[in-house]
Amino acid sequence: MQATEAFVYTANAARVVFGAGSIRHLEREIDALGFKRALVLSTPEQRASAEMVADLLGARAAGVFDRAVMHVPIETAREARLIAQQLGADCAVAIGGGSTTGLGKAIALESGLPIIAIPTTYAGSEMTPVYGITEGGMKKTGKDPRVVPRCVIYDPELTLGLPVGMSVTSGINAIAHSAEGLYAPDRNPVINFMAREGIAALGRALPAIRLQPTDLAARTDAFYGAWLCGIVMGSVGMALHHKLCHTLGGTFNLPHAECHTVMLPHALAYNAAAAPEAMRDIAQALGGPSAPAAVFDLARDNGAAVALRDIGMREQDLDKACDIAVQNQYPNPRALDRTALRALFQDAFEGRRPE
Ligand SMILES: NC(=O)c1ccc[n+]([C@@H]2O[C@H](COP(=O)([O-])OP(=O)(O)OC[C@H]3O[C@@H](n4cnc5c(N)ncnc54)[C@H](O)[C@@H]3O)[C@@H](O)[C@H]2O)c1
């Protein structure tokens, strides 16, 4: 797509502070936003990071809530919201991956409590108005500008300890946002540029991180890519790939980033003939023979699982997954065809490399 065509571009107004050591600017950022007391959010595993943030904030720290978990159960969001109220917090600082950012978003959605996000994975949630909340075993998702963080601090030093396996799958999760952005009906030249740049940065960075997990330059490059891919996801509509992953994660409880990593080559292969320009851009950004094969090779060559059967999917559930996937029609370059989708699921289950 070229800038000679008419288009609409809406930017989500998040301020970004980027670079190694940038967490030291947190207090400055909170001051600039006019906030006085922050509730710090984290998972139990990242309690130490949350305490480090609370120490940085000193008197501006209202407390730490360390019970963020995957899929944001509504009970956890309500509890955190209540604690924020009791402690007199006027903002939340979410340090962690998509699950912790997601908790911050769920609090913001109901109470309007503004969020400052300090991401530590490449999932990209901090750049999107998309939220997800699980109630009674059902995850509902929606879009609301109130959940977009007011400020995002990308400090690559905080990702030095992200295990290589999670770095690779989380990075490919980010690539998936840009890949689908490149064939979104509401895409535009600005988003296309960010998508290509984001994919290329992650395509360079992930192999370097696998070789040397503490390579700060590679970590910085990966965060830059993740940021751009997050913007893409937050700005244009996602399609088949994200819907399939939502089904697999929600119904079969498959791990989020791993599921994206396995499914992306197959979703791209499904859409390849219907979105040739996007495929060319993805292949070029990754320097591979074709978009599906290049994503598959990036995952496999860097040690990620490439088969659904290796991340907890049972073969007898493939039919059910396929039924759910075709239930709702949504914008996708190629129409949803049950037979072709069933073949896609089989390929993904077995981890076949798309040719
Ligand atoms: N709303 C959106 O726009 C959006 C976008 C992407 C993902 N998500 C959601 O985010 C969730 C997945 O997020 P995720 O993949 O970032 O994983 P996650 O947030 O669930 O984190 C997984 C684990 O890794 C730990 N971790 C995170 N950063 C670490 C680090 N630097 N070092 C060591 N451990 C670290 C976490 O504490 C957690 O235990 C899913 O629920 C998904 O739906 C939402």
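Count along the sequence shown from 1, add 314, and you get the number used in this note's numbering.
Even glycine gets a Cβ: it sits at the ideal position worked out from N, Cα and C.
Any non-hydrogen atom of ligand 1 closer than 6 Å to residue i Cβ
{"i": "H385", "result": "yes"}
{"i": "V330", "result": "no"}
{"i": "E359", "result": "yes"}
{"i": "A325", "result": "no"}
{"i": "H555", "result": "no"}
{"i": "T653", "result": "no"}
{"i": "V609", "result": "no"}
{"i": "Y571", "result": "A small fix is needed here, since residue 571 is Ala in this sequence, not Tyr. The answer is yes for A571."}
{"i": "L578", "result": "no"}
{"i": "S439", "result": "yes"}
{"i": "L476", "result": "yes"}
{"i": "V354", "result": "no"}
{"i": "T473", "result": "yes"}
{"i": "T534", "result": "no"}
{"i": "V378", "result": "no"}
{"i": "T575", "result": "no"}
{"i": "T528", "result": "no"}
Proximal residues to residue i (C-beta, below 6 Å), its chain only, five neighbours per side dropped
{"i": "P433", "result": "E440"}
{"i": "T390", "result": "R381"}
{"i": "P303", "result": "With the chain represented from 315 up to 669, any question about residue 303 goes unanswered, as that position is not in the structure."}
{"i": "E343", "result": "C465"}
{"i": "T515", "result": "Strictly speaking, residue 515 in this sequence is Ala, with Thr absent from that position. If we look at A515 and ignore the five residues flanking it on each side, its Cβ neighbours are D535, Y538 and G539."}
{"i": "G563", "result": "H570 and C573"}
With 16 other Cβ atoms within 10 Å as the buried cut-off, status of residue i
{"i": "F321", "result": "exposed"}
{"i": "Y644", "result": "exposed"}
Proximal residues to residue i (C-beta, below 7 Å), its chain only, five neighbours per side dropped
{"i": "L558", "result": "M577, A581 and A639"}
{"i": "R533", "result": "P470, T473, L474 and I523"}
{"i": "N616", "result": "V482, L520, P521 and R524"}
{"i": "P417", "result": "Sequence check: residue 417 is Leu here, not Pro. L355, A382, V386, T390, A391, A394 and A408."}
{"i": "G456", "result": "Y445"}
Nearest-angstrom beta carbon gap, residue j and residue i [assumed within contact, 8 Å]
{"i": "D469", "j": "S336", "result": "5 Å"}
{"i": "A571", "j": "T483", "result": "4 Å"}
{"i": "V386", "j": "A420", "result": "5 Å"}
{"i": "A368", "j": "L530", "result": "Contact doesn't hold; Cβ gap of about 25 Å is too wide."}
{"i": "V378", "j": "A362", "result": "With a Cβ gap of about 10 Å, V378 and A362 do not count as contacting."}
{"i": "F663", "j": "L632", "result": "6 Å"}
{"i": "G544", "j": "H491", "result": "7 Å"}
Near ligand 3: residue i beta-carbon under 6 Å from a heavy atom
{"i": "G335", "result": "Absence of ligand 3 from the depicted structure is noted, with ligand 1 being the only ligands included."}
Neighbourhood of residue i by C-beta distance below 8 Å, restricted to the same chain and skipping five residues each side
{"i": "G626", "result": "F566, N567, L568 and P569"}
Legend entry - Three CB pairs or more closer than 8 Å across the segment 612–628 and the segment 538–550: No, because fewer than three Cβ pairs between the segment 612–628 and the segment 538–550 fall closer than 8 Å, the two stretches do not touch.
Inset, instruction - Take every Cβ of the segment 582–599, pair it with every Cβ of the segment 510–528, and state whether three or more of those distances are shorter than 8 Å. - result: Yes: at least three Cβ pairs fall under 8 Å.
Legend entry - the segment 351–369 in contact with the segment 405–417 per 3-pair CB rule at 8 Å: Yes, the segment 351–369 is in contact with the segment 405–417.
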